[in-house]
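**Q** Heads up: the protein sequence lines correspond to chains U and L, in order.
First residue of the first sequence? That's 1 in the UniProt record's numbering, and the numbers climb one at a time after it.
First residue of the second sequence? That's 1 in the UniProt record's numbering, and the numbers climb one at a time after it.
My structure is below; once you've seen it, I'll send some questions.
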Amino acid sequence: MSTHAHVRADAVRTVGPAVTAVIVPGPSCGGPGDLGPGLVRILIDADVRGLQTVALASALTDLDATPVALARFIATDDDATAAEAAARAGAARVLRVPDASPDAVDDWIDRVPRVESRTLRRRVRNVLRGFAPVRWAYERMGTR
Amino acid sequence: MSPQHITGTLGPGAAAGAAVPGAAAGDGTARIDADTAAWAPRTLHAAHLQDAETARRADALVIRRGAERDELLGGISGAVPVYVAADGGSARFASRLSALTASGPVRADWNAWADVLAVGAPLGGKTTFQGVRRLQPWESVIAEAGSVRFERAHWPWLDVAPDASARIEDVADALTTVLDQLADDHSFLSLLSGGWDSRILALYAGRAAKTPLRAYTTSSDTGIVLEELIAAQVAHRLGIDHEIVVPRVDRFCSDVRAFVDAVDHQTSYHVWLVPLLERIAGTDGLVLDGLGGGLMLGGDFTAGDDRASRVAGLMKYLNGADHVLRPDVVRGIEERTRAAFDAFDVAWPEIADHPFEATFTAYLNRTLPGISQSPYGLVAQDHPVATPFLADEVARAALRIPAAAHAGGALYPQLTALLDPQLAAMPTAQSMVPWPRPHPRRITADESVDVLRRLVTEGPAAALLANGLAEEGTAHWRRLLSRTGTQHLLRSLAMLNLWFDAYGDRITGPGVEELMS
Numbered sequence: 001m002s003t004h005a006h007v008r009a010d011a012v013r014t015v016g017p018a019v020t021a022v023i024v025p026g027p028s029c030g031g032p033g034d035l036g037p038g039l040v041r042i043l044i045d046a047d048v049r050g051l052q053t054v055a056l057a058s059a060l061t062d063l064d065a066t067p068v069a070l071a072r073f074i075a076t077d078d079d080a081t082a083a084e085a086a087a088r089a090g091a092a093r094v095l096r097v098p099d100a101s102p103d104a105v106d107d108w109i110d111r112v113p114r115v116e117s118r119t120l121r122r123r124v125r126n127v128l129r130g131f132a133p134v135r136w137a138y139e140r141m142g143t144r
Numbered sequence: 001m002s003p004q005h006i007t008g009t010l011g012p013g014a015a016a017g018a019a020v021p022g023a024a025a026g027d028g029t030a031r032i033d034a035d036t037a038a039w040a041p042r043t044l045h046a047a048h049l050q051d052a053e054t055a056r057r058a059d060a061l062v063i064r065r066g067a068e069r070d071e072l073l074g075g076i077s078g079a080v081p082v083y084v085a086a087d088g089g090s091a092r093f094a095s096r097l098s099a100l101t102a103s104g105p106v107r108a109d110w111n112a113w114a115d116v117l118a119v120g121a122p123l124g125g126k127t128t129f130q131g132v133r134r135l136q137p138w139e140s141v142i143a144e145a146g147s148v149r150f151e152r153a154h155w156p157w158l159d160v161a162p163d164a165s166a167r168i169e170d171v172a173d174a175l176t177t178v179l180d181q182l183a184d185d186h187s188f189l190s191l192l193s194g195g196w197d198s199r200i201l202a203l204y205a206g207r208a209a210k211t212p213l214r215a216y217t218t219s220s221d222t223g224i225v226l227e228e229l230i231a232a233q234v235a236h237r238l239g240i241d242h243e244i245v246v247p248r249v250d251r252f253c254s255d256v257r258a259f260v261d262a263v264d265h266q267t268s269y270h271v272w273l274v275p276l277l278e279r280i281a282g283t284d285g286l287v288l289d290g291l292g293g294g295l296m297l298g299g300d301f302t303a304g305d306d307r308a309s310r311v312a313g314l315m316k317y318l319n320g321a322d323h324v325l326r327p328d329v330v331r332g333i334e335e336r337t338r339a340a341f342d343a344f345d346v347a348w349p350e351i352a353d354h355p356f357e358a359t360f361t362a363y364l365n366r367t368l369p370g371i372s373q374s375p376y377g378l379v380a381q382d383h384p385v386a387t388p389f390l391a392d393e394v395a396r397a398a399l400r401i402p403a404a405a406h407a408g409g410a411l412y413p414q415l416t417a418l419l420d421p422q423l424a425a426m427p428t429a430q431s432m433v434p435w436p437r438p439h440p441r442r443i444t445a446d447e448s449v450d451v452l453r454r455l456v457t458e459g460p461a462a463a464l465l466a467n468g469l470a471e472e473g474t475a476h477w478r479r480l481l482s483r484t485g486t487q488h489l490l491r492s493l494a495m496l497n498l499w500f501d502a503y504g505d506r507i508t509g510p511g512v513e514e515l516m517s
């Protein structure tokens, strides 16, 4: 059984609490070519909760789709797509898989690293961030 | 040189290649009268060309020539870089520093380089070149009687008196006026992020624009994509065309080179903006930049700590500096930059007790020297640019609202809600960022680490590195690049080496050892 609980981003309205990875199929895999409002909400939730986002790309053109380009990882079953994805995103964010179709995700999803979001240390940090002075300080990091 | 840039000479050398009032079309100057011209990195509205004072308050650079005296009169915000190199009785000036250093020997200003490392950019009107100054707000250069002098008159923004009856509607009216005037001459391009400044500009500009606004967003390299996603929500809410530009890891080296070249090696902020500028190259439109919004409206630095801790905060990049720099270099940099802040107190005595002391301290020591290079160095290479929050009427309307009312960024949603209450209620990306950030930044990809390591270790700046750092592995460098302070230091050292590359054997005088205490 996979250690990741995953959902397809364009097939759900909300992401359940147990989910650790959100799958974003590229257009050639039947997924969205653009960011619609519903997809944006799903991806915002994923980012805020520190979930992994994994795009499925079987064709080079998939990489030009914004939902694919914003994903943390790009899984591909095509060599040319893998090479171009590595050039764009860095080799560490590319997964070369035998089958990048949505139905085959369970076969390789465990290769996607878990984010620290589920660790006890992170949960403690999240609680601390609820305190106003901590939140004020953090929100000012990176302001112009 | 494009109309977004200007170059000229004051004094006896003015006859050759000078910016002349009413000069030939294409040099970007606009005539005020027979002796006076104005220039800005955008089309100057007719209303701003009544006289020199009006033009300066519209942030134009004014050039006035007389039989015995030439004057260069700086704009009110100081945000548009104007560099001056005085030489005896004449002075050359340019909006691109490289125009003044294109030939002949150059010498490093090591106090300025210390500021770059500690704070982000040279302070107090310094540049990284000895003999070249950047004009401060409302500063003038006068060439007469065979000499050149710099004069800074009392800055009008310091005289804006808080008024309990001042309203956010006044800020809205001023912003509307500014954007209406810009819309007379320009279509708009929005650099939309997930924050308040660009959201407000897109909202108000959309009402003023004569043609539909186009918005672009890129990653600010925080590892997460909330900026892009929140920007998409804002664009959808406003009904504007929106494109997200995703940077490429394989272009990181060229992005670094392009950025530091565009800003004349004055700061290493905002390398991440380069891909977006490449995307909009050749696209018509004036770029709206939210420079200054955080200070004038966002409540940044208006409350909280005492002045000493705020200055320490401005030197935040030295936190953990011993992981990157030799101890004697850390000491040397700290000494020089603390001296710069002491000099600031002497140069701007009116600020220490000002109700907006924290705002103006941050403005003059961070916004102007460093962050302004993003719109007026990088973006202005190819596009007209405006920074509406620093327009005189907008700034004064904001400063009239008492400082306490700015705290916590309270004015932002108020200003937004006047036109769109729903937009005002939408969270910003910054308010939603998880802590600690769950995903690594582009700059920490193995490929980017290799690029930075090469840029830092191959050149004179390598002599400044902490013992053993150059030999450390990728994992160690990745850890340094994942933290704000140490990342900044490494980017700045890379820029220093690129500066040495650019000027090669024209560099004279002492080298990096000057930074060692």
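The beta-carbon is built from N, C-alpha and C at its ideal position, and this holds for glycine as well.
If we call anything under 8 Å between Cβ atoms a contact, is L/Trp-39 one with L/Ala-58?
**A** no
**Q** Quick one: which residues of the stretch 14-42 of chain U get their C-beta closer than 7 Å to a C-beta of chain L? List them in chain order.
**A** Leu-35, Pro-37 and Val-40
**Q** Tell me the rounded alpha-carbon separation between L/Ala-461 and L/Met-516.
**A** 12 Å
**Q** Closer than 9 Å, Cβ to any Cβ of chain L: which residues of the stretch 49-76 of chain U, in chain order?
**A** Arg-49, Gly-50, Leu-51, Gln-52, Thr-53, Thr-66, Ala-69, Leu-70, Ala-71 and Arg-72
**Q** Taking beta-carbon pairs under 7 Å, can you tell me which members of the stretch 423-450 of chain L lie near chain U?
**A** Flagged, chain order: Gln-430, Ser-431, Met-432, Pro-434, Trp-435, Pro-436, Pro-438, His-439, Ala-445, Asp-446 and Glu-447.
**Q** If we cut at 8 Å on Cβ distances, does U/Ile-44 have a partner in chain L?
**A** yes
**Q** Taking one C-beta from the stretch 105-125 of chain L and one from the stretch 362-374 of chain L each time, how about it: are there three or more such pairs within less than 8 Å?
**A** yes
**Q** Anything in chain L within Cβ reach of residue 145 of chain U, meaning under 7 Å, just list it in chain order.
**A** Absent from the structure is residue 145 of chain U, since the part of chain U shown begins at 1 and ends at 144.
**Q** Less than 8 Å between the C-beta atoms of U/Ala-75 and U/Trp-108, yes or no?
**A** Less than 8 Å divides the Cβ of U/Ala-75 from the Cβ of U/Trp-108.
**Q** DSSP has L/Gly-509 in a bridge; who is on the other side?
**A** In the DSSP output, where bridge partners are listed per residue, L/Gly-509 has none listed.
**Q** Measuring CB to CB, does L/Lys-316 end up less than 8 Å from L/Gly-485?
**A** yes
**Q** List, from N- to C-terminal side, the alpha helix (DSSP H) runs of 4 residues or more that fit wholly inside the stretch 312-374 of chain L.
**A** 327-347 and 357-362
**Q** Looking at chain L, is there any beta carbon in it that lies within less than 8 Å of the beta carbon of U/Val-7?
**A** no
**Q** Which residues of the stretch 228-253 of chain L have a Cβ closer than 8 Å to any Cβ of chain U? Give them in chain order.
**A** Glu-228, Leu-229, Ile-230, Ala-232, Gln-233, His-236, Ile-244, Val-246, Arg-248, Val-249 and Asp-250
**Q** Can at least three beta-carbon pairs, one atom from the stretch 425-434 of chain L and one from the stretch 38-58 of chain U, be found at a separation below 8 Å?
**A** yes
**Q** What are the uninterrupted segments assigned as alpha helix (DSSP H) that are 4 or more residues long and contained completely in the stretch 31-73 of chain L, given in chain order?
**A** Complete alpha helix (DSSP H) runs here, min 4: 52-57.
**Q** Which residues, taken in chain order from the stretch 85-105 of chain U, show a beta carbon closer than 9 Å to some beta carbon of chain L?
**A** Ala-86, Ala-87, Arg-88, Ala-89, Gly-90, Ala-91, Ala-92 and Arg-93
**Q** Find the nearest neighbour of L/Met-296 within the set L/Pro-402, L/Val-263, L/Leu-203 and L/Leu-192, judged by alpha-carbon distance.
**A** Ranking L/Pro-402, L/Val-263, L/Leu-203 and L/Leu-192 by Cα distance to L/Met-296 puts L/Pro-402 first.
**Q** Could you have a look at L/Ala-25 and say whether DSSP puts it in helix, strand or coil?
**A** Residue placement at L/Ala-25 cannot be trusted, given a pLDDT of 39 that sits under 50; what the coordinates show is reported in the next sentence. If DSSP states are grouped into helix, strand and coil, L/Ala-25 belongs with coil.
**Q** Could you name the residues of chain L that U/Val-115 contacts, counting a contact when the two beta carbons are closer than 8 Å?
**A** Under the 8 Å cutoff, chain L gives Pro-438 and His-439.
**Q** Could you list which residues in chain U have their beta carbon closer than 8 Å to that of residue 588 of chain L, in chain order?
**A** Outside the modelled stretch of chain L, which goes from 1 to 517, sits residue 588 of chain L, for which no answer is possible.
**Q** Taking Cβ-Cβ distances shorter than 7 Å, what residues in chain U pair up with L/Ile-224?
**A** Asp-47
**Q** Between U/Arg-13, U/Val-12 and U/Ile-23, which lies nearest to U/His-6 when the distance is taken from Cα to Cα?
**A** U/Ile-23
**Q** First and last residue of the alpha helix (DSSP H) that includes L/Asp-446?
**A** Note, L/Asp-446: alpha helix (DSSP H), 446-457.
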